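Q:
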Amino acid sequence: MKKSILVFGLLLAMASCEKATEQKDFKTAYVDTSKLLEEYTEAKDIEEKYKSKGEEMGKQLEAEVVRFRSEAAAFQKNAQTYGPQWAQQKGAELQQKEQELSYAQQAILRQLQDESGKEMDSLVKDVKKFIKDYGKEKGYNYIYGTGDAATVLYAKDEYDITNEIIKLLNEKYKSSSSDDKKDEKAETKVDSTKK
Numbered sequence: 249m250k251k252s253i254l255v256f257g258l259l260l261a262m263a264s265c266e267k268a269t270e271q272k273d274f275k276t277a278y279v280d281t282s283k284l285l286e287e288y289t290e291a292k293d294i295e296e297k298y299k300s301k302g303e304e305m306g307k308q309l310e311a312e313v314v315r316f317r318s319e320a321a322a323f324q325k326n327a328q329t330y331g332p333q334w335a336q337q338k339g340a341e342l343q344q345k346e347q348e349l350s351y352a353q354q355a356i357l358r359q360l361q362d363e364s365g366k367e368m369d370s371l372v373k374d375v376k377k378f379i380k381d382y383g384k385e386k387g388y389n390y391i392y393g394t395g396d397a398a399t400v401l402y403a404k405d406e407y408d409i410t411n412e413i414i415k416l417l418n419e420k421y422k423s424s425s426s427d428d429k430k431d432e433k434a435e436t437k438v439d440s441t442k443k
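Going by this note's numbering, the first residue of the sequence shown is number 249, and it counts up by one from there.
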């Protein structure tokens with residue numbers, strides 16, 4: 249009986265030692281996703297692209313708004329001169345134009361949101377895949393995400409791999425961008441030799 253208790257105790261001690269060894273091999277880290285998206289060059293480029301596109305589309309719409317305002321000012325000036333029937337007809341036309349401008353503005357915003365949303369969704373998907381591959385390559389058991397929708401409430405700074413991920417993603421994006429530019433130059437050369 250005493251021997252079986254001793255053997256059981258030894259087995260229990262050995263099992264707990266094995267678990268302690270397993271826990272030492274447990275590797276975890278986290279990425280600050282807000283910082284990642286703020287500092288990742290491709291994300292910045294996408295944001296700038298749609299900001300510029302929005303400004304350009306806004307300029308076109310602004311020209312229409314300026315024309316509308318001048319028509320509205322002329323309407324105000326001429327309403328009494330041309331009479332109530334003209335004023336009523338012209339007022340209805342101006343209301344319709346104002347509504348069309350409002351719809352155009354909403355359509356532009358919706359288009360920009362849809363396009364940028366799709367591109368950002370694709371970017372997030374690629375970043376998740378990159379982090380997953382990185383985790384496998386580096387032997388991590390878990391890589392957590394922090395940021396606005398925090399899933400980690402506390403972690404030691406030594407487990408933060410955000411800067412390393414940003415650096416690697418930016419290097420990958422920079423090399424793929426330079427490859428794309430080389431491809432474009434090659435295509436341009438081919439096109440110019442055909443002429």
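Glycine included, every Cβ here is placed at the ideal spot set by N, Cα and C. Computed from a predicted structure; not experimentally measured.
Is A403 helix, strand or coil by DSSP?
A: If DSSP states are grouped into helix, strand and coil, A403 belongs with coil.
Q: Taking a contact to mean a Cβ-Cβ separation below 8 angstroms, would you say G365 touches K275 in this structure?
A: Against a cut-off of 8 angstroms, the Cβ pair of K275 and G365 comes out as no contact.
Q: Do K207 and T289 have their C-beta atoms within less than 8 angstroms of each other?
A: Any property of residue 207 remains undetermined from this structure, which presents the chain solely from 249 to 443.
Q: Excluding the 5 residues flanking K299 on each side, which residues of the same chain have their C-beta closer than 6 angstroms to its C-beta?
A: If we look at K299 and ignore the five residues flanking it on each side, it has no Cβ neighbours.
Q: Taking the continuous alpha helix (DSSP H) assigned at D369, which residues delimit it?
A: First-last of the alpha helix (DSSP H) with D369: 332 to 386.
Q: Within the same chain, show all residues whose beta-carbon is closer than 8 angstroms to that of L349, passing over the 5 residues directly before and after it, in chain order.
A: Counting only Cβ-Cβ distances below 8 angstroms, and skipping sequence neighbours, we find L309, E312, V313, F316.
Q: Among residues of its own chain, excluding the 5 on either side of Q361, which ones have a beta-carbon nearer than 8 angstroms to its beta-carbon?
A: Once the five neighbours on either side are set aside, Q361 has no close Cβ partner at all.
Q: Would you mind stating whether A277 and Y407 have Cβ atoms separated by less than 8 angstroms?
A: Yes, Cβ-Cβ distance for A277 and Y407 is below 8 angstroms.
Q: Is L417 near F378, with beta carbons less than 8 angstroms apart?
A: Taking 8 angstroms as the Cβ cut-off, L417 and F378 qualify as a contacting pair.
Q: Under a Cβ-count criterion, where at least 16 other Cβ atoms within 10 Å of its own Cβ denotes burial, should L357 be classed as buried or exposed?
A: Classification for L357: exposed.
Q: Can you tell me which of the three DSSP states I413 falls into?
A: Helix.
Q: With the cut-off set at 8 angstroms, would you say I413 and L285 are in Cβ contact?
A: The answer is no: Cβ separation not under 8 angstroms.
Q: Relative to the C-alpha of G306, which candidate in G393, Q359, Y382, Y390 has its C-alpha closest?
A: Ranking G393, Q359, Y382, Y390 by Cα distance to G306 puts Q359 first.
Q: How is Y298 classed by DSSP in three states: helix, strand or coil?
A: In this structure, Y298 counts as helix in the three-state DSSP scheme.
Q: Thinking D273 and G395 are a contact (beta carbons under 8 angstroms), I'd like their distance in whole angstroms, please.
A: Not quite, the Cβ-Cβ distance comes to about 28 angstroms (not below 8 angstroms), so this is no contact.
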